[in-house]
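Number of protein chains: 2
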Amino acid sequence: MNDVVQKPIRIVILGGGFAGVYTARYLTRLLGRRRDVEVELLSEENYFVFQPLLPEVAAGGIAATHVVNPIRELVPKVRFRCCSVAAIDFERRQVMVSQGAGLELVPVAYDHLVFCLGKVTHFASMPGVAEHALAMKDLADAFRLRNHVLRCLELADIEPDLEAKRALLHFVVAGGGFSGVETIGELAELVTRSLAYFPRIDPKEVRFSLVHAQARILPEMPESLSLAARQILERRGVDMVLGARVRAASPSAMYLHDGRALATRTFVCTVGTAPNPIVEGALAQGGFIQAQHNGRAISAFATERTLECAGRPGYWAVGDCAGIPSPTGQGLCPPTAQFAIREAKTCARNLIAAIDGTPKSPFAFRALGILASLGQRSAVAEMFGIRLTGFLAWFAWRTVYLAKLPGWVRRLRVALDWTLDLFFPRDITQLQVFQHQHLHVHHYEPGEAIVQQGQLGRELYLILKGEVEVSANGGGKRVRLGAREVFGERAVLEDTRRNATVCATQAADVLVLSRSDFHAMVKNLPVLSDYFAELLRARHPDAMPAGPAALDHLPPTPGMAPAELRPS
Amino acid sequence: MNDVVQKPIRIVILGGGFAGVYTARYLTRLLGRRRDVEVELLSEENYFVFQPLLPEVAAGGIAATHVVNPIRELVPKVRFRCCSVAAIDFERRQVMVSQGAGLELVPVAYDHLVFCLGKVTHFASMPGVAEHALAMKDLADAFRLRNHVLRCLELADIEPDLEAKRALLHFVVAGGGFSGVETIGELAELVTRSLAYFPRIDPKEVRFSLVHAQARILPEMPESLSLAARQILERRGVDMVLGARVRAASPSAMYLHDGRALATRTFVCTVGTAPNPIVEGALAQGGFIQAQHNGRAISAFATERTLECAGRPGYWAVGDCAGIPSPTGQGLCPPTAQFAIREAKTCARNLIAAIDGTPKSPFAFRALGILASLGQRSAVAEMFGIRLTGFLAWFAWRTVYLAKLPGWVRRLRVALDWTLDLFFPRDITQLQVFQHQHLHVHHYEPGEAIVQQGQLGRELYLILKGEVEVSANGGGKRVRLGAREVFGERAVLEDTRRNATVCATQAADVLVLSRSDFHAMVKNLPVLSDYFAELLRARHPDAMPAGPAALDHLPPTPGMAPAELRPS
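Taken in order, these protein sequences are the chains called Y and U.
Counting from 1, position 499 in the first sequence corresponds to residue 499 in the numbering used here; the numbering is continuous, with no gaps.
Here the numbering used here = 1-based position in the second sequence + 568.
Set out below in structure tokens:
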């Protein structure tokens, strides 16, 4: 072995979605046993999610683990790194990543860098939506939604207050695109099929609403199919709230721009995405050309037809973050999984061509069809120019997705899930696998009650933004509190009922502190302890002995609060 | 319909484990179409967990949802209430429950009350164990353990530091009873079978340790089987740490009473249980007689052989919380699922007898056998006096459990899981479905480093207990900090590396605050803002402009910290 060992050429792929995983798959296929090229894939999760089936996971038709594939299993010959990208050092050609506890940034060197990054959820323009809406973007979302819906059914079954029960049984989805339409269809199926187990819920009490900004749902589909989808959903009891845009959300309602409010405890928001911050960063600093769509700059890399970033050899873009000239000559390729997979194939071929110095080929592909499932064995589809609705479309939809699902084990498992689902009742297990979340922020719209006099209370509230009004016994003296002020402080001192009602008078964000968190902090930060002792003495002179020592009377930290006396 | 409508007699069952669910099942079977008796079951979760299979869920051999059954599905004719028990009002014969947001306590009236409550996990006597060990008690534990182990493999695969890698690949289980032994066996199988996907992990780097207080594992089993189990596990590379008791745990190690420390990032603790608080409360206030075991009072109700609580007609106890005279005449019935199911049958029969005024019958049952699975198609078992080890025992184990699993759908699904598991690789998907946990407490033993100079830092620490020492540049001035003092405060102000190392000098509990939590609090509680501005000015006079205004320079709340720049 006297040969000089040549350092292999390194291709680094950012992102583990359709674009990233398929680029890696095609690359390993093309490379075979070549050892002069090394491929490394970077992703925050160790699995690939088959996103089109997420609504069905949310509805319990398929087990969560069956629509995900470990990336290592899909691309066993590729190096895989589970990490977050902190920055890209374009000069030294290395990606700086944070892995594990993130105590060091680790450099990952590249010769070719392939951007395969998707958009991220972004609710900031709609107050309260980040805090109170559920998204439908990744596996965790689907998992959470399913458990949340089953929790609502459990609570509705034993809720004596009719108004509260109605909100528990109203399921609202915003967004009439594929994700929103499939989610409301699947939710309706889950709830309808589960009702048999909840004898104290009348099916007439259940409502579904689909909120959509435009006049017709599924705008990407031909008009006749949009209409068919709408009719199928309406026949199943879904209210169409069209031409309406989401303005805000609170713990008990969602608000529209036209002033309407829908009282609900389940609000799924499929609208509101933002550019990926890594793409934004690269566009700002990396000397890339930003893509244009209908004359407007969008958050994507302008690429050649070869998928190489325009003017930046060695950098490539595939999928949602790529502005690829459409093979039809008009506009850009759409950001769909169908296109991402085909783009990945072209990108892999051209990467090898670039390395070997052979000619590259342009991206060429036309969409094969378009499908949307509506739940309950119904769908709408257009394939090879043929339009289908109802059961036939649903059958086509299942067949296509089953064929596309990577890996035989998953395919088999999903097929089994589907088969069992035809014969057996839907699973209503509400999995409580989430750890209790501590500090969190709630948003309230004007007029909403935050606490009600007489209710049991175990949280302290700190106003971050807006204004609230405190009133007792339905009238009398009213006190207004603003940003940086505290209320509900008695609740963290004793098992007590609220001695006043607090309503938002302006849109308000409040930080909610549980009793145990409050105690941990107050008992240990002397400055906080003094502050609260002072506050309590001023507000409740009768309830507390004077001075900072007052807080020494607090029960021990996590406390044996009633909520913790639980049957196992 | 001129008959006076008689109010039905109400039987309320507390707890949704084997005892509670089987009592409800036998009751509905015996009651048939009778409408003069109403049964209501109260449980915190809406599902029943088949606990004996939890270690296999943790190891990914069975999907989490396949070992749980919705209680509503198991006992469709019984009223079900998903709630926590806050108190029992023995005088008015009603259970006070907290349901939903817990804003009101709801009374649930009973004529007969059946206690079917299990023990609860209790780690308080071992510092740091509650914070850093994983339990193996419910579904959430199994789910978390599986994802945690896969996370460790992902991190170990890319960890450059050898010592850190070794800790990531050391899996420690405490407790040599059924739960502990089955967990280490299943963990060994999961890790061993997953290694093929992690090319940078050498199988020789992986270690498993089983810590047990006594000299032999599985003390409930005949000695020859204990020995066989030990030999099988040792052959598979499990280190036996016998005669050793758990003293404490920290983020990077577990400590034994004999002074030894095992460096590990995965510590599963199957020892440490406490009486159920509801049982304790009832024993203290309800006029019940406490059961005695070997001359000591235990946390269980002394019952007649009919399962009625001694001296308290109308109150019954089944399962772990019942001290039932053993049919053999010696001691009490053991707290196993096998006994709980048989006790439930007797209890249901006697409840009906009590209502109808017919004679009650005493509990009579002898254990059929005893089994423990060791993973990798191996087990130890004694059934009807015959002792089995290895594959045959494992086959018997599977058959018995499959037959006992309630419901045909689950049985089918578990059978499919087992079949697929024989032919396909183990699923290594690490599900990130947990929301990020904010405020949490870490425990450190003397000598352990909490932060290291030069590392990136994004958390602030508040000492709750104990003492730490701050030192910079490997020597020079050392500062000691104690309870109620703060360190790491620079990290929440800027993306910075730690400018000092902080080690625990005494066992220390510290509250860890993430940057975004810190900002939310400090920006809104003026008193905190002043306090930290003061602290920073005193400690870092060069780094900050003077005065409380200093904190206005903080980046906006959730911040675009590197960790948040993530590929999707």
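We put the CB at the ideal spot given by N, CA and C, even for glycine.
{"Asked": "Contacts of Y/A284 in chain U (Cβ-Cβ under 9 Å)", "Found": "Ordered by position in chain U, no residue passes the 9 Å Cβ test against Y/A284, which lies about 13 Å from the chain."}
{"Asked": "Below-8 Å beta-carbon distance, U/Y1151 vs any chain Y residue", "Found": "Residue 1151 of chain U is absent from the model: chain U starts at 569 and stops at 1136."}
{"Asked": "Completely contained alpha helix (DSSP H) runs for the stretch 127-159 of chain Y, where each covers 4 or more residues", "Found": "129-132, 139-158"}
{"Asked": "U/Q860 (DSSP reduced to helix, strand or coil)", "Found": "strand"}
{"Asked": "Cβ neighbour criterion (16 or more within 10 Å) applied to Y/N294", "Found": "exposed"}
{"Asked": "Extent of the continuous beta strand (DSSP E) to which U/D1077 belongs", "Found": "1076-1082"}
{"Asked": "Segment limits, alpha helix (DSSP H) that includes Y/F22", "Found": "This sequence places Tyr at residue 22 of chain Y; Phe is not what is there. Start and end: 18-31."}
{"Asked": "Nearest-angstrom beta carbon gap, Y/A133 and Y/V57 [assumed within contact, 8 Å]", "Found": "At roughly 18 Å, the Cβ-Cβ gap does not stay under 8 Å, so Y/V57 and Y/A133 are not in contact."}
{"Asked": "For Y/L262, the three-state DSSP class (helix, strand or coil)", "Found": "strand"}
{"Asked": "Status (buried if at least 16 other CB within 10 Å, exposed otherwise) for U/I892", "Found": "buried"}
{"Asked": "Exposed unless 16 or more other CB atoms sit within 10 angstroms - verdict on U/R768", "Found": "exposed"}
{"Asked": "Y/L338 (DSSP reduced to helix, strand or coil)", "Found": "One detail in the question is off: residue 338 of chain Y reads as Gln in this sequence, not Leu. In the structure shown, Y/Q338 sits in a helix (DSSP, three-state: H, G or I)."}
{"Asked": "Beta-carbon proximity check, Y/E445 vs Y/A507, cutoff 8 Å", "Found": "yes"}
{"Asked": "Proximity test, Cβ basis, 8 Å: U/G696 and chain Y", "Found": "no"}
{"Asked": "For Y/Q51, the first and last residue of its enclosing beta strand (DSSP E)", "Found": "Counting along the chain, Y/Q51 falls outside any beta strand (DSSP E), and DSSP gives it neither H nor E."}
{"Asked": "C-alpha gap between U/E1132 and Y/S84, whole angstroms", "Found": "Caution applies to U/E1132, whose pLDDT of 29 falls short of 50 and renders its modelled position unreliable; the model cannot decide the point."}
{"Asked": "Where Y/R592 meets chain U, residues with beta-carbon distance less than 7 Å", "Found": "Coverage of chain Y is limited to positions 1 through 568, which leaves residue 592 of chain Y absent and any answer about it impossible."}
{"Asked": "Under 8 Å between C-beta atoms of U/F952 and U/L936", "Found": "yes"}
{"Asked": "Short CB-CB distance (under 8 Å) between Y/R33 and chain U", "Found": "no"}
{"Asked": "Contacts that U/P1094 makes with chain B (C-beta to C-beta distance below 8 Å)", "Found": "Among the protein chains in the structure shown, which are Y and U, there is no chain B."}
{"Asked": "Unbroken alpha helix (DSSP H) run spanning Y/Q6, endpoints", "Found": "Unbroken run through Y/Q6: none, as it is neither H nor E."}
{"Asked": "Proximity test, Cβ basis, 8 Å: Y/T192 and chain U", "Found": "no"}
{"Asked": "Segments of 3+ residues assigned as beta strand (DSSP E) that fall wholly inside the stretch 753-804 of chain U", "Found": "775-780"}
{"Asked": "Residues that Y/Y531 contacts on chain U, provided the C-beta gap is smaller than 7 Å", "Found": "V1095"}
{"Asked": "Interface residues of chain Y facing U/E1088 [CB-CB closer than 8 Å]", "Found": "Residue identity check: residue 1088 of chain U is Ala in the sequence provided, not Glu. Ordered by position in chain Y, the residues that pass the 8 Å Cβ test against U/A1088 are L439, V441, L464, L511."}
{"Asked": "Per-residue DSSP class, three states only, for U/F869", "Found": "strand"}
{"Asked": "Contact under 8 Å by Cβ, U/A1040 with Y/T65", "Found": "no"}
{"Asked": "Nearest to Y/F288 (by Cα), restricted to the options Y/Y315, Y/F267, Y/L262, Y/E489", "Found": "Y/Y315"}
{"Asked": "Near-chain Y residues of the stretch 876-894 of chain U (beta-carbon distance less than 8 Å), N- to C-terminal order", "Found": "none"}
{"Asked": "Proximity test, Cβ basis, 8 Å: Y/R72 and chain U", "Found": "yes"}
{"Asked": "Burial state of Y/P545, where buried means 16 or more other Cβ atoms lie within 10 Å", "Found": "Interpretation of Y/P545 is limited by its pLDDT of 46, a score under 50 that renders its predicted location unreliable; the figure taken from the coordinates is listed afterwards. Label assigned to Y/P545: exposed."}
{"Asked": "DSSP state of U/Q662 mapped onto helix, strand, coil", "Found": "strand"}
{"Asked": "Completely contained beta strand (DSSP E) runs for the stretch 637-685 of chain U, where each covers 3 or more residues", "Found": "647-650, 652-657, 662-666, 673-677, 680-683"}
{"Asked": "Given U/V806 as reference, the closest of U/L737, U/V1095, U/G1050 once Cα atoms are compared", "Found": "U/L737"}
{"Asked": "Beta-ladder partner(s) of Y/W316, from DSSP", "Found": "Y/V114, Y/E308"}
{"Asked": "Neighbour-count burial assignment, Y/T328, 16 or more Cβ in a 10 Å radius", "Found": "exposed"}
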